[in-house]
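Residue numbers (the UniProt record's numbering): 1 to 63.
Structure (structure tokens):
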């Protein structure tokens, strides 16, 4: 996936957080050096973003 194909972007500041995001369907787009270490740039493809948006959230109140 390329940057222009992502419908949502986010940054992770640790390998652990980047790996968690990848397991949730995010794609690693870039690894960039920063003042306090490495920044992982992740993007969510359109299909995954729509799927997550349409599914019930785990933290939503139950009725």
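C-beta: ideal position from N, C-alpha, C; glycine also. If you're wondering where the values come from, they're calculated on a predicted model, not measured in any experiment.
The three-state secondary structure of residue 24, taken from DSSP, is coil.
Distances from the alpha-carbon of residue 38 to those of 1, 5, 6 and 16 put 16 closest. Inclusion of residue 6 and residue 34 in the CB contact set at 8 Å is not warranted, their separation being larger than that value. One Cα belongs to residue 25, the other to residue 36, and the distance between them is close to 26 Å.
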